[in-house]
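Chemist: Numbering (our numbering), first residue to last: 931 to 1056. Could you have a look at this structure, given as structure tokens, before my questions?
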Amino acid sequence: MNRCLECNEPLTGRSDKKYCNPYCKSAYQYRETRKNETNLYLYIDKKLKKNRKILKNFNKAGKAIIREQDLLAAGFDPRHFTHYFKTKGGNIYLFCYEYGYMKIKENGKTKYVLVKWQKYMVSKHP
Ligand SMILES: [Zn+2]
């Protein structure tokens, strides 16, 4: 016998029923939504911290140029960053906290320029 997903009471009637009443349904769905929001938050939080750690490892001197494959092999995920900085020349560095990166092409190879956050990068007019 099926049981209500929310209160675990035995269900009667249609075999595809999942809840005993609309209240149980909305209570259950509300909690599921909250759980997924928390999961996304924790997932991105973990990604950002991992990215930061990898960038830090590859950028001990404050500036470095690294082959894309080396960064990706270490588990770096360039889709997740905390903010960006646009240089006067129009280049955009993406940052994971205080460690920045920018994708470039050099001799046909994809590389990343790694930098560290500097005080002058704080924008007063975002
Ligand atoms: Zn119920």
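Glycine residues also receive a C-beta, built at the ideal position from the N, C-alpha and C atoms.
Any idea what DSSP makes of K1033, helix, strand or coil?
Modeler: strand
Chemist: Checking 8 Å against the spacing of the C-beta atoms, do Y949 and L972 come in under that value?
Modeler: no
Chemist: I need the DSSP call for L1024, collapsed to helix, strand or coil.
Modeler: strand
Chemist: Return the residue from the list R997, K980, K1046 and E998 that minimises the CA-CA distance to E1028.
Modeler: K1046
Chemist: Shorter than 7 Å, the distance from the beta carbon of Y960 to the closest heavy atom of ligand 1, or not?
Modeler: no
Chemist: Would you mind giving the Cβ-Cβ distance between I996 and K1041, rounded to the nearest angstrom? I have them listed as a contact below 8 Å.
Modeler: 6 Å
Chemist: For E939, which residues from the same chain have a beta carbon less than 6 Å from its beta carbon, with the 5 sequence-adjacent residues on both sides left out?
Modeler: These residues qualify, in order along the chain: C950.
Chemist: With 16 other CB atoms within 10 Å as the buried threshold, where does I984 fall?
Modeler: buried
Chemist: Can at least three beta-carbon pairs, one atom from the region 961–980 and one from the region 1007–1015, be found at a separation below 8 Å?
Modeler: yes
Chemist: Which residues have their C-beta within less than 6 Å of a heavy atom of ligand 1, listed in chain order?
Modeler: C934, E936, C937, E939, Y949, C950 and C954
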